[in-house]
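Engineer: Per the numbering used here, residue 2 is the first one in the sequence shown, and the count goes up by one each step. Input: one structure, supplied below.
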Amino acid sequence: MSGHLPDRAGVALPPLPPGLSAASTVAQFAGLLAAYACRATHAHGVQVWVVTDGQLQAVAEEGRGLALSDGTLVSEALTGGILLHEGMLAALPFGCGVLEFVGADPDGLHALLGTGPLLALAVEGVQAREARRGHGRIAETVEGLMRRLGGSLDLSEVLTVTAQSAALALGFRRAFVALFSELSDGGARTGEVFTHGFTQPFTGGIGVGPVTFETLVRRGEAIRFERGRDHESPLARGLRELNPETAVIAPLNARGQPLGLLYVDTTEHVPATEDDARIVLALAEQAALAIDNARLYGIETRKREAAEALREAGAALAGSLHLSETLERVLERAVTLFRADAAAVYEKQPDGRSINIRSAVGLSSEYMLRVKAKVGLGVTGRAVGEGTLIAAHDLTTENGGGSSRYTRQLLATHTYPYRGVISLPLRVGPNVFGALTLYWSAPLPLDSDDLALAGVFASQAGLAIENARLYEEEQLREREAGALLAISRMLGERPQGQPDDAALRDVIREATLALHAGRGLLALFPDATGSFPADTPPGPDSWRITRCAAYNLHPPDASELADLSAQLGRGPRALTRRYALPVAGSALIVPLLTAQTDARTPLGFLYFDDPGRDLPGDRTLQLARSLADQIAQTLTRERLLAALEREEARYRQLAEGAHDLIISSDAHGAIDYANPAARTLLEPLTGPLTGANLLTLPTRDTQAALQLAWADAQARTSGSRAEIRIGPYHLEVRVGSVDHGRGVLTVSRDLSELQTLADEIARRGQALEAATSRQSELRSFLTLFTQAQEEERRRISRELHDDTAQVLTATTRRVARLARDLSGEQKARADDILLDLNAAIDGVRRFARNLRPSVLDDLGLLPALEWLATQALTTTRLEVSGADRRLSPATELTVFRLAQEALNNVDKHARAHTAAIRVAFGEPPQGGVRVAITDDGRGFTPEQAHAQAQAGHLGLLGLRERVTLAGGTLAVQSAPGEGTTLTFTLPG
2 MSGHLPDRAG VALPPLPPGL SAASTVAQFA GLLAAYACRA THAHGVQVWV
52 VTDGQLQAVA EEGRGLALSD GTLVSEALTG GILLHEGMLA ALPFGCGVLE
102 FVGADPDGLH ALLGTGPLLA LAVEGVQARE ARRGHGRIAE TVEGLMRRLG
152 GSLDLSEVLT VTAQSAALAL GFRRAFVALF SELSDGGART GEVFTHGFTQ
202 PFTGGIGVGP VTFETLVRRG EAIRFERGRD HESPLARGLR ELNPETAVIA
252 PLNARGQPLG LLYVDTTEHV PATEDDARIV LALAEQAALA IDNARLYGIE
302 TRKREAAEAL REAGAALAGS LHLSETLERV LERAVTLFRA DAAAVYEKQP
352 DGRSINIRSA VGLSSEYMLR VKAKVGLGVT GRAVGEGTLI AAHDLTTENG
402 GGSSRYTRQL LATHTYPYRG VISLPLRVGP NVFGALTLYW SAPLPLDSDD
452 LALAGVFASQ AGLAIENARL YEEEQLRERE AGALLAISRM LGERPQGQPD
502 DAALRDVIRE ATLALHAGRG LLALFPDATG SFPADTPPGP DSWRITRCAA
552 YNLHPPDASE LADLSAQLGR GPRALTRRYA LPVAGSALIV PLLTAQTDAR
602 TPLGFLYFDD PGRDLPGDRT LQLARSLADQ IAQTLTRERL LAALEREEAR
652 YRQLAEGAHD LIISSDAHGA IDYANPAART LLEPLTGPLT GANLLTLPTR
702 DTQAALQLAW ADAQARTSGS RAEIRIGPYH LEVRVGSVDH GRGVLTVSRD
752 LSELQTLADE IARRGQALEA ATSRQSELRS FLTLFTQAQE EERRRISREL
802 HDDTAQVLTA TTRRVARLAR DLSGEQKARA DDILLDLNAA IDGVRRFARN
852 LRPSVLDDLG LLPALEWLAT QALTTTRLEV SGADRRLSPA TELTVFRLAQ
902 EALNNVDKHA RAHTAAIRVA FGEPPQGGVR VAITDDGRGF TPEQAHAQAQ
952 AGHLGLLGLR ERVTLAGGTL AVQSAPGEGT TLTFTLPG
């Protein structure tokens with residue numbers, strides 16, 4: 002009993018005297034307490050009263066003024082159990098005693114009031130020690146325990162009172178009672194520990210070693226420990242954390258079964274006698290009986306509660322035939338009954354190898370979507386595969402693995418949110434169709450009785466789920482048939498073409514109600530203008546929404562529609578809250594696809610969501626697919642009908658504008674349609690064509706040919722042809738049967754016009770051939786001209802280098818020698834002449850290099866381009882890729898001239914900061930070379946380039962022509978403000 006004790010008035014009491022709890026007599030205890038209370042409350046005097054042999058007697062006093070007391074106020078305070086005041090007197094009861102004060106500080110009194118229970122226990126301990134020295138000490142101790150228990154069947158109360166009574170019986174400070182949770186042949190471990198006098202809580206239980214286990218459990222004896230005597234024993238090492246001076250440990254056994262242990266100790270040097278050990282052993286025997294009775298009562302109570310809970314659960318589960326409601330009730334009852342943190346119902350998939358979460362509570366959406374368990378793996382997979390209850394006490398330490406890849410990843414990274422896991426198979430008869438899995442953040446808190454109860458609950462849940470599933474399947478089939486019929490009627494009753502907005506709204510309303518969703522959306526892409534391969538879903542980059550209809554939902558904006566389009570797959574798929582529309586807890590998206598031979602044409606998609614977080618099951622996905630197929634089929638039919646009308650109109654327009662004579666008639670030749678060309682050519686000779694007989698229109702000598710072709714066309718699908726004459730016209734007629742022989746279509750062409758056209762084609766062909774020949778000759782001339790120009794440049798460059806430059810160099814040397822002989826003004830004039838000569842030499846050499854750089858002939862293309870980059874006014878770099886090699890002299894010269902002209906254009910027009918020459922050599926055997934000239938200048942548009950050419954700036958045209966002469970290609974990429982890239986590709 003030490004340390005400062007705060008009270009509710011905020012006044013800190015001084016430490017209690019160390020000898021208070023160690024007092025051997027009541028008088029000694031009362032004297033120490035009176036001195037302490039007088040000092041703590043600043044009282045004039047303090048008197049301690051204690052009930053002894055049934056009489057309230059003054060045992061000790063401190064200070065003065067105590068003659069004012071006659072004991073009346075003390076008796077009233079003890080009877081009422083409250084603090085009383087009368088004038089300068091005050092009486093403060095504590096257990097079987099009373100503190101009487103004269104002139105005490107009120108704040109001190111209220112502060113001391115909080116120590117009443119502690120003082121009551123202390124005085125009882127002193128009285129117990131006094132009683133110990135007399136006869137019947139053990140009987141009195143046991144009787145005190147039984148009196149304090151009062152027949153209680155509350156296990157926690159029994160354990161706590163036992164610890165308190167043991168400490169008081171020996172006059173020790175601390176005690177605890179611990180029940181075994183694990184028991185083996187050579188040791189044990191306790192579970193929860195109930196303490197008295199310890200300042201720190203116990204965590205993780207207490208282990209019992211082989212030596213202690215032998216003494217306590219096997220022999221049933223108490224253990225006395227004294228540090229001075231037993232400091233080197235194994236028990237001393239085990240008690241090091243508690244650090245006692247003296248301790249007594251006794252076993253708790255009831256009906257021949259070990260229950261736990263009773264431990265009492267003190268940190269003061271007080272020896273433990275044999276009598277102390279016998280007292281603790283007697284207390285342990287009596288407490289064990291009370292503990293066992295409380296445990297049995299608790300077990301029976303739990304069984305009654307479990308039976309009642311199962312009855313209520315069975316009644317609740319049998320009260321619904323809706324699968325979603327049944328699953329929700331199963332999960333809620335399971336979490337409540339077994340105090341789980343989360344629960345999930347898994348459903349075996351048709352393939353028989355995988356199981357998915359059908360419904361859950363307490364699990365995250367990501368966990369529910371990503372967990373794809375395998376039968377036979379992990380807790381849930383083993384429960385389904387083996388058909389038995391599987392439990393993991395602590396999944397993070399048992400290395401039991403996970404039933405899915407996602408679970409194994411969480412376990413490997415120590416981020417799995419649960420420790421205790423139990424999975425119960427759900428079955429109907431011998432067939433397991435799923436599992437009920439419960440999760441706890443702490444280790445598994447269930448015992449064998451709880452596990453048996455869980456098995457019974459799982460049987461009830463399996464039967465209820467199966468009944469609800471059968472009922473829902475029947476309801477779903479009826480609902481599916483009704484919804485499909487209604488949707489087909491809504492879309493089919495509209496006129497041909499696209500359904501109107503009202504029809505689309507009716508369709509999405511019916512589909513949303515059929516799926517029991519909260520909101521629905523029908524979004525359509527434009528009329529099928531293309532298709533995408535079967536393994537590539539449509540996306541917002543490929544398709545845009547042109548029409549949409551919503552139910553209970555404000556139409557989403559363009560970005561939300563684009564995000565939904567990006568989630569489309571080959572079939573229905575569930576969406577997490579991250580990808581669903583706002584306020585949705587779970588969602589479903591289904592593409593509307595038309596089946597073709599080699600492609601899937603997207604029509605749009607259906608979207609449904611609900612505030613609840615349960616993901617749609619396979620049956621819901623199947624119904625969603627059926628609804629989508631029905632809508633897609635109807636929309637496809639409407640679009641095909643509209644397309645057919647457009648095709649008919651287009652073909653009619655083609656027929657009306659055709660130059661050929663197109664005539665349609667029945668199988669007997671009666672004309673029902675003639676295009677304008679036929680009417681214009683034939684009606685001046687035959688009169689109105691509509692209604693006339695086509696077989697009678699030819700001249701007599703050609704009617705037989707037409708009739709023969711007519712019969713052949715009706716006999717074979719490939720049709721036939723004939724040449725006939727109608728008046729002055731010589732016609733070639735192609736005859737074909739249509740509409741399964743009920744009609745005949747003839748297409749006739751005036752052969753005289755065809756001959757005229759053939760003559761015109763021949764004439765134009767000759768003109769084209771002549772133009773091509775002239776162009777070829779011109780290109781040959783330009784090639785020869787370019788070669789001659791380059792040879793002339795080479796010759797002039799060589800002459801400038803070998804002749805003119807040499808003469809200027811010699812003259813420079815002569816002038817230099819002359820300047821050395823001169824002085825004054827003449828020497829200055831000679832030096833000026835020398836500078837002019839050197840400038841002339843540099844200019845001649847530069848001009849010669851520009852005409853034909855010697856580095857190109859001597860070292861090759863890449864050094865020449867590198868030299869060219871250094872000569873450009875714009876900062877230019879050279880980049881080379883591929884295996885560099887020497888090209889033909891003509892190709893290297895062409896590349897050099899192209900790069901030279903391109904860099905000149907950059908310097909003159911681009912206003913660029915930097916430029917680059919990129920050379921890429923092709924791989925053999927094709928070889929070739931690609932050169933790209935890039936700058937970051939102002940760029941240009943095609944219109945600007947054309948205007949420059951019209952103004953006489955032919956640089957780009959010259960480059961293109963030179964590339965063409967070399968058998969290559971030129972690509973130009975430019976835009977205002979984005980620079981320019983010229984790419985030359987030449988054969989190698």
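C-beta atoms are modelled at their ideal positions from N, C-alpha and C, and glycine is treated no differently. None of the values given here were measured: they were computed from a predicted structure.
1. Can you tell me where the alpha helix (DSSP H) holding histidine 197 begins and where it ends?
2. From the DSSP output, which residues share a beta bridge with glycine 605?
3. With DSSP collapsed to three states, give me the class of isoleucine 391.
4. Any idea what DSSP makes of aspartate 277, helix, strand or coil?
5. Give me the Cα-Cα distance between arginine 886 and isoleucine 918, rounded to the nearest whole angstrom.
6. Given that a residue counts as buried once 16 or more other Cβ atoms are within 10 Å of its Cβ, and exposed if not, what is glutamine 48?
7. In terms of residues, what are the limits of the alpha helix (DSSP H) holding aspartate 186?
8. For glycine 586 versus proline 612, is the C-beta spacing smaller than 8 Å?
9. Roughly how many angstroms lie between the CA atoms of glycine 353 and proline 431, to the nearest whole one?
10. For the beta strand (DSSP E) containing threonine 935, name the first residue and the last one.
11. Is it right to say valine 808 is buried, meaning 16 or more other beta carbons lie within 10 angstroms of its own, or is it exposed?
12. Just to confirm, is the Cβ distance from leucine 857 to glutamate 902 under 8 Å?
13. Out of Val591, Glu101, Asp673 and Gly229, state which residue places its alpha-carbon closest to the alpha-carbon of asparagine 694.
14. Glutamate 645 to alanine 550, Cα distance in whole Å?
15. Under the rule that 16 or more other beta-carbon atoms within 10 Å means buried, what is histidine 136, buried or exposed?
16. Is the stretch 415–434 touching the stretch 381–401, taking contact as three or more C-beta pairs under 8 Å?
17. Reducing DSSP to helix, strand and coil, say where valine 1 ends up.
18. What are the boundary residues of the beta strand (DSSP E) that tyrosine 652 is part of?
19. Classify tryptophan 733 as helix, strand or coil using the three-state DSSP reduction.
20. Between alanine 78 and alanine 92, how many whole angstroms is the CB-CB distance? I'm expecting something under 8 Å.
21. Scan the stretch 840–890 and note each continuous alpha helix (DSSP H) run of 4 residues or more that stays entirely inside, going in chain order.
22. Considering only the beta carbon of each residue, do valine 845 and leucine 874 sit closer than 8 Å?
23. Is it buried or exposed, proline 925, if we count other Cβ atoms within 10 angstroms and call 16 or more buried?
24. On the DSSP letters alone, give me the boundaries of the alpha helix (DSSP H) that glutamine 990 sits inside.
25. Only counting the same chain, and skipping five residues up and downstream in sequence, which positions put a Cβ closer than 6 Å to that of alanine 251?
26. For glycine 744 and leucine 707, what's the separation of their Cα atoms in angstroms?
27. Give the straight-line distance between the Cα atoms of arginine 640 and glycine 605, rounded to the nearest whole angstrom.
28. Which of the three DSSP states, helix, strand or coil, is assigned to phenylalanine 897?
29. Report the three-state DSSP secondary structure of arginine 225 (helix, strand or coil).
30. What are the boundary residues of the alpha helix (DSSP H) that includes leucine 154?
31. Compute the Euclidean distance between the alpha carbons of glutamine 949 and glutamine 872, then round it to the nearest angstrom.
32. Do you know whose CA, among Thr981, Asn468 and Leu427, lies nearest alanine 916's CA?
33. Please confirm whether glycine 187 and phenylalanine 214 have their CB atoms less than 8 Å apart.
34. Which whole-angstrom value is the C-beta distance of proline 617 and alanine 581, which I expect to be below 8 Å?
35. Nearest to leucine 869 by CA position, among Ala679, Leu888, Arg898 and Ala841, is which residue?
Structural biologist: On the basis of the data shown:
1. Not the alpha helix (DSSP H): histidine 197 falls in the beta strand (DSSP E), residues 189–197.
2. Note: glycine 605 sits in a beta bridge opposite Leu525 and Leu593.
3. Correct three-state label for isoleucine 391: strand.
4. DSSP places aspartate 277 in helix when its eight states are reduced to three.
5. Arginine 886 and isoleucine 918: Cα-Cα distance of roughly 17 Å.
6. Buried: at least 16 other Cβ atoms inside 10 Å.
7. Membership of aspartate 186 in any alpha helix (DSSP H) is not indicated, and neither H nor E is assigned to it by DSSP.
8. Taking 8 Å as the cut-off, the Cβ atoms of glycine 586 and proline 612 count as close.
9. Each residue's Cα considered, the two are about 15 Å apart.
10. Segment 930–936, the beta strand (DSSP E) holding threonine 935.
11. By the neighbour-count definition (other C-beta atoms within 10 Å, threshold 16), valine 808 is an exposed residue.
12. The answer is no: Cβ separation not under 8 Å.
13. The option with the nearest alpha carbon to asparagine 694 is Asp673.
14. Checking the sequence shown, residue 645 turns out to be leucine, not glutamate. The alpha-carbon atoms of leucine 645 and alanine 550 are separated by roughly 26 Å.
15. Residue placement at histidine 136 is poorly supported in this model, since its pLDDT is 44, which falls under 50; the coordinates still yield a value, given next. Taking a 10 Å sphere around the C-beta of histidine 136, we find fewer than 16 other C-beta atoms and assign the residue as exposed.
16. A contact between stretches requires three or more CB pairs, one per stretch, nearer than 8 Å, and the stretch 415–434 meets this requirement with the stretch 381–401.
17. Summary: the structure shown does not reach residue 1, with the chain confined to residues 2 through 989, and so no result is reported for it.
18. According to the DSSP assignment, tyrosine 652 belongs to no beta strand (DSSP E) but to the alpha helix (DSSP H) extending over 619–658.
19. The displayed chain sequence assigns glutamate, not tryptophan, to residue 733. Reduced to three states, the DSSP call for glutamate 733 is strand.
20. Correct: roughly 4 Å between the Cβ atoms.
21. DSSP runs (the alpha helix (DSSP H)) wholly in the stretch 840–890: 855–859 and 862–872.
22. No, the pair does not count as a contact, with Cβ atoms beyond the cut-off.
23. Flag for proline 925 reads exposed.
24. Residue 990 lies beyond the range of the chain shown here (2 to 989); nothing can be said about it.
25. The answer, listed in chain order, is Ala223, Leu263, Val281, Leu282 and Ala285.
26. Looking at the two C-alpha atoms, the distance is approximately 16 Å.
27. Approximately 13 Å, taken between the alpha carbons.
28. DSSP places phenylalanine 897 in helix when its eight states are reduced to three.
29. In this structure, arginine 225 counts as strand in the three-state DSSP scheme.
30. It is not in any alpha helix (DSSP H) - leucine 154 carries neither H nor E in the DSSP assignment.
31. Linking glutamine 949 to glutamine 872 through their CA atoms gives a straight-line distance of about 25 Å.
32. Minimum Cα distance to alanine 916 is reached at Thr981.
33. Against a cut-off of 8 Å, the Cβ pair of phenylalanine 214 and glycine 187 comes out as a contact.
34. Taking 8 Å as the upper bound for CB-CB distance, proline 617 and alanine 581 are not in contact here, some 12 Å apart.
35. Nearest option by C-alpha distance: Arg898.
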